[in-house]
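In the numbering used here, the protein residues as written are 1174 to 1383.
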């Protein structure tokens, strides 16, 4: 189904938000399942089927269409949130967008520049241009129709530093302690994706930005 032909309503958009919010691995980079590409696509497919049952007008809704809608909802929320944090001089901006409050749970995943940050280096580089680029990639590539290059160029112009994914990968390996033993990943406490769709975890290890 052509995504542009879908007849979304406020109620169906709220259902998308409700379903995605219930599966933290779809929006929270700290979740242990966040990088599981196949697993997450299965979740989006289950969400699509669930939405179709409640909204027959969206018959034929696909996982890609749900991902596209979710990406656009996030980007609209980011713009609105950014306006509230940087209002015009002498004014206070209050968003009138009807879905703003429903998406406030994303606030803690927003980076300093106002972009949705799914790969932020939380404790060390949250405000660095390289980290901002990393944050933007996941949200801009979903539908391929937005000004990704323009946004990245604007950020990179402010710094010559380029973040390497290899450094992020290296940080995920067990670290040696002073006693010579390695620190196990099991000792790190991370949230688990909350799923209500019955999808079983796959064995894939692909990294994913959706």
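Cβ atoms here follow ideal geometry from the backbone N, Cα and C, with glycine treated the same way. Keep in mind that this is a model prediction, so the values were computed, not measured.
Same chain, Cβ closer than 7 Å to residue i, five either side skipped, listed in chain order
i: residue 1243; result: 1189, 1193
i: residue 1183; result: 1271
i: residue 1340; result: Low per-residue confidence applies at residue 1340: pLDDT is 38, beneath 50, and the placement is therefore not dependable, though the value from the model is reported in the following sentence. Same-chain partners within the cutoff: there are none.
i: residue 1200; result: 1193, 1279, 1282
i: residue 1227; result: 1188
Integer-rounded CB distance, given that residue j should sit under 8 Å from residue i
i: residue 1246; j: residue 1276; result: 7 Å
6 Å CB neighbourhood of residue i in its chain, flanking five on each side removed
i: residue 1169; result: Residue 1169 is absent from the structure shown; the chain starts at 1174 and stops at 1383.
Cut-off 8 Å between Cβ atoms - residues of its own chain near residue i, not counting five sequence neighbours on either side
i: residue 1256; result: 1266, 1268
i: residue 1180; result: 1230, 1231
i: residue 1186; result: 1242, 1246, 1272
Assigned secondary structure, residue i (DSSP; H/G/I helix, E/B strand, else coil)
i: residue 1203; result: coil
i: residue 1189; result: helix
i: residue 1178; result: helix
i: residue 1223; result: helix
i: residue 1259; result: coil
i: residue 1214; result: helix
i: residue 1245; result: helix
i: residue 1228; result: coil
i: residue 1239; result: helix
i: residue 1267; result: coil
i: residue 1250; result: helix
i: residue 1273; result: coil
i: residue 1325; result: Low confidence applies to residue 1325: its pLDDT is 37, below 50, so where it sits in the model is not reliable, and the reading given next is rough at best. Looking at residue 1325 - three-state DSSP - the assignment turns out to be helix.
For the 8 Å Cβ check, are there 3 or more pairs between the segment 1214–1222 and the segment 1230–1240? yes
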